[in-house]
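Positions 1061 to 1682 (the working numbering) are the ones given, in order, by the sequence shown.
Just so it is clear, CB atoms sit at the ideal spot from N, CA and C, and this is done for glycine as well.
So the structure is just underneath, and the comments pick up after that.
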Amino acid sequence: MANSKNAIVRAAIHPSIGVARVGNSLDDFFYGPEVPEPAPQSPGFYRDSSGALKRQAARFRVYGLNSEGEAVAELTASNADIHWTVHLANKKSGWYQFQIALDIPEAHSAPLSLLRNAAIGDRQQLIIDPGARNIAGKCTPRGVVFDSGTFMGKPVYLGELRTDEEGRLVVLGGLGKSASYNGARAITFGNNDGWHDDTSDGPVTAKVVYQGKELAVEPAWVVVAPPNYAPLLKSVRTMWDLMRDVAITAKTLSAPARPSFQNDIRPLFERLSHLEWVNAGYAAAFGWGGPMRFTDPEWLERLADPSPAFQGMRVSLANQFRVFDRDAWSPIPWPWLYGDAMNVPPAHTPRQNAALTDTQLKMLQQWAAGDFDPDYDPAPTPPREIDDLPVSEQPATLDRASLEFCLADAFHPGCEMTWPMRQPSLYMAPFRILHAGLGWIEPDYGPQLSPDMVQASDPFLGQVPGGITRWMAVPWQTDTASCRDARTYGKSYDPYLPTFWPARVPNEVLDDTEYEIVKDRKRPLDERLAAFAKRAAWSRPLGSANGYLDQINNMIDRYGEMGVVEHRAGPGDGYFPAAMQVQNLPAHTRQRLVDTNEPLTASDDVDLSGIEKVRRFPRGLK
């Protein structure tokens, strides 16, 4: 029946924002997360047989919706005619410099955001735009390639399209190749003139004919980002959290009347503890044997209890999280992450360090008051595959899974996306980017971009291919190599805290060599405990004795050699965690480190307290 609840009247692409990631493996790839809690992969999964880093592919699906917007069925090549269109572009080098997030008050005190490569008059030479590509059918092999774009006259490969066995779209990004057209070295964290990389982004659309009728289709977007070096970890505030808050604030999404302990509160505390595998400071406070290991059942049972007996504890813990108006620039409040206005020495602004979203903070206060759903499950069995869920729940789950593994702290500028994601005008609906109209020509914003101009011109109202990643660092490797913890920025509070992006770019990790000692139950317990406590410098492959400029240029060449933090089983004797996350290095990298006598543990040889990235206010704050 035409008005049946199961009648499909339109369609939507999900995830609404898919995330692909570069890798230096020429042939092997894997699909990005499609559920918020994917099953751990076996050791070595993220590398190919040569040790190269696999690319992460973004996979998109089409869902048929009823008149109420509910997903009724997935539309595939078996029950519909689907023609996909994707347009990837990289516009970083023809855009403006990143100096600071332009939507915060401190932007008026930072250096001006001038055009990158301002001396190059022909701006089109700086834009890598191969145009749109189309694909249809099942199991389409490689061949639909984004390889006709150029940078300063040289071809640049941005990725390719494929389809899977059901005709779902598969988007692969670049190979992580960054270069300067004139052979110049990289000299700074984010604005290297003459350079390009092969990240990108752009619209994903589809023409869908179902039962002889063409359906209106809600479009999506794809972002090709740097690798995820800790694939199972999430930051305390994820990109999904941020976009949820933007939608709630804009009143395009309703906030829940009461937070769920299991879904809204528990993750905040558990994420703090999970970061023990990528930062030594988090390990000391929230990790195994630490005073606040929130993943322990004893802690979770108390946190989940809404009774007045535990209200004092809840209030005390909720108050540990940063509130800008209350905490100023103190580094002590959680989550111990640098903020958008991070500076060395610390800037006297609350945005020196990061805070949770307003929605998260409100939920914490409700939890502290006992106003929450006590739906604690001590042994949850989350869906490990998207097909484990009913069709009606799959679209929102795909959206969340894609974005929960992206960072929203600090936007300096960030890993996958940056501060424009806070702008309500960027979205056509919650979690869905507004596309620019066909034939729309973006205005010329002039030689510099100021906070006032951004507010007046609103460059977020309709996105063009390359419009999301152009705000990021060029090349991405120099920023990734620059974003570390207090060990290199100055230990004013803690040897390892605050830190930048440990959930994507680790600081200190449990190395495989120490893990082998830990799991050997024939060794003395003291030796095993010492090995567990020893954390290796994740930046070790860049060379601890090298200066900053050497390290950022080494990152460009060696990004595929950097460690990937993977799931491993504990020794099972009760002295150590039942599961661990351990650094995996390619065999040839590990041998090189041995041959060069590269020290394992964190070194203080490289001092980053004077680099441009953390000197945001050379004339002080206005």
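Taking a contact to mean a Cβ-Cβ separation below 8 Å, would you say residue i touches residue j in this structure?
{"i": "residue 1072", "j": "residue 1511", "result": "no"}
{"i": "residue 1148", "j": "residue 1260", "result": "yes"}
{"i": "residue 1284", "j": "residue 1227", "result": "no"}
{"i": "residue 1139", "j": "residue 1068", "result": "no"}
{"i": "residue 1191", "j": "residue 1619", "result": "no"}
{"i": "residue 1451", "j": "residue 1112", "result": "no"}
{"i": "residue 1534", "j": "residue 1267", "result": "no"}
{"i": "residue 1160", "j": "residue 1170", "result": "yes"}
{"i": "residue 1674", "j": "residue 1337", "result": "no"}
{"i": "residue 1569", "j": "residue 1643", "result": "yes"}
{"i": "residue 1209", "j": "residue 1183", "result": "no"}
{"i": "residue 1442", "j": "residue 1310", "result": "no"}
{"i": "residue 1381", "j": "residue 1396", "result": "no"}
{"i": "residue 1669", "j": "residue 1550", "result": "yes"}
{"i": "residue 1118", "j": "residue 1083", "result": "no"}
{"i": "residue 1357", "j": "residue 1438", "result": "yes"}
{"i": "residue 1597", "j": "residue 1661", "result": "yes"}
{"i": "residue 1548", "j": "residue 1469", "result": "no"}
Could you check if residue i is buried or exposed, using at least 16 other CB atoms within 10 Å of its CB as the buried criterion?
{"i": "residue 1654", "result": "exposed"}
{"i": "residue 1114", "result": "buried"}
{"i": "residue 1417", "result": "buried"}
{"i": "residue 1676", "result": "buried"}
{"i": "residue 1168", "result": "exposed"}
{"i": "residue 1061", "result": "At residue 1061 the pLDDT is 40, less than 50, meaning the model places this residue with poor confidence; the figure from the coordinates comes in the next sentence. Exposed."}
{"i": "residue 1495", "result": "buried"}
{"i": "residue 1444", "result": "exposed"}
{"i": "residue 1134", "result": "buried"}
{"i": "residue 1657", "result": "exposed"}
{"i": "residue 1256", "result": "buried"}
{"i": "residue 1189", "result": "buried"}
{"i": "residue 1385", "result": "exposed"}
For residue i, collect the residues of the same chain with a Cβ closer than 7 Å to its Cβ; drop the 5 residues on either side in sequence, then sort them by chain order.
{"i": "residue 1375", "result": "1428"}
{"i": "residue 1446", "result": "1094, 1095, 1454, 1457 and 1458"}
{"i": "residue 1419", "result": "1304, 1305, 1308 and 1315"}
{"i": "residue 1703", "result": "Outside the displayed range of the chain (1061 to 1682) lies residue 1703, so it cannot be described from this structure."}
{"i": "residue 1637", "result": "1348 and 1630"}
{"i": "residue 1435", "result": "1320, 1321 and 1322"}
Helix, strand or coil for residue i per DSSP?
{"i": "residue 1578", "result": "helix"}
{"i": "residue 1317", "result": "coil"}
{"i": "residue 1152", "result": "helix"}
{"i": "residue 1069", "result": "coil"}
{"i": "residue 1329", "result": "helix"}
{"i": "residue 1640", "result": "strand"}
{"i": "residue 1682", "result": "coil"}
{"i": "residue 1513", "result": "helix"}
{"i": "residue 1372", "result": "helix"}
{"i": "residue 1422", "result": "helix"}
{"i": "residue 1620", "result": "helix"}
{"i": "residue 1364", "result": "coil"}
{"i": "residue 1561", "result": "coil"}
{"i": "residue 1495", "result": "strand"}
{"i": "residue 1115", "result": "strand"}
{"i": "residue 1488", "result": "strand"}
{"i": "residue 1025", "result": "Missing from the structure shown is residue 1025; the chain here goes from 1061 to 1682 and no further."}
{"i": "residue 1591", "result": "helix"}
{"i": "residue 1394", "result": "strand"}
I'd like the list of long-range same chain contacts for residue i, defined as Cβ closer than 8 Å, with 5 residues on each side in sequence excluded.
{"i": "residue 1223", "result": "1137, 1144, 1195, 1196, 1197, 1198, 1199, 1200, 1229 and 1230"}
{"i": "residue 1389", "result": "1406, 1407, 1408, 1409, 1410, 1412 and 1413"}
{"i": "residue 1204", "result": "1193, 1194, 1195, 1220, 1221 and 1222"}
{"i": "residue 1166", "result": "1160, 1400, 1401, 1407, 1409, 1411, 1676, 1677 and 1681"}
{"i": "residue 1467", "result": "1295, 1298, 1299, 1474, 1475, 1476, 1561, 1563 and 1564"}
{"i": "residue 1430", "result": "1366, 1367, 1368, 1371 and 1374"}
{"i": "residue 1498", "result": "none"}
Excluding the 5 residues preceding and the 5 following residue i in the sequence, name in chain order all residues of the same chain whose CB lies nearer than 6 Å to its CB.
{"i": "residue 1514", "result": "1162"}
{"i": "residue 1574", "result": "1591 and 1594"}
{"i": "residue 1579", "result": "1631"}
{"i": "residue 1679", "result": "none"}
{"i": "residue 1250", "result": "1158, 1533 and 1539"}
So, is the C-beta of residue i closer than 8 Å to a C-beta in chain B?
{"i": "residue 1086", "result": "Absent from the structure is chain B; it holds one protein chain and no more."}
Can you find a heavy atom of the ligand SAM that lies under 7 Å from the Cβ of residue i?
{"i": "residue 1543", "result": "For the ligand SAM, the structure offers nothing, since it holds no ligand at all."}
> Taking one C-beta from the region 1576–1588 and one from the region 1484–1494 each time, how about it: are there three or more such pairs within less than 8 Å?
Replying inline: no
>> Count Cβ pairs between the region 1205–1224 and the region 1497–1517 that sit closer than 8 Å; are there 3 or more?
In response: no
> How about the region 1592–1599 and the region 1355–1371: do they share at least three Cβ pairs that are nearer than 8 Å?
Replying inline: no
>> Would you call the region 1513–1531 in contact with the region 1272–1287, where contact means no fewer than 3 C-beta pairs closer than 8 Å?
In response: yes
> Per the contact definition of three or more C-beta pairs closer than 8 Å, is the region 1241–1261 in contact with the region 1598–1613?
Replying inline: yes
>> With three or more C-beta pairs closer than 8 Å as the rule, is the region 1170–1181 touching the region 1292–1301?
In response: no
>> Any contact between the region 1288–1297 and the region 1403–1413? By contact I mean 3 or more CB pairs, one from each, below 8 Å.
In response: no
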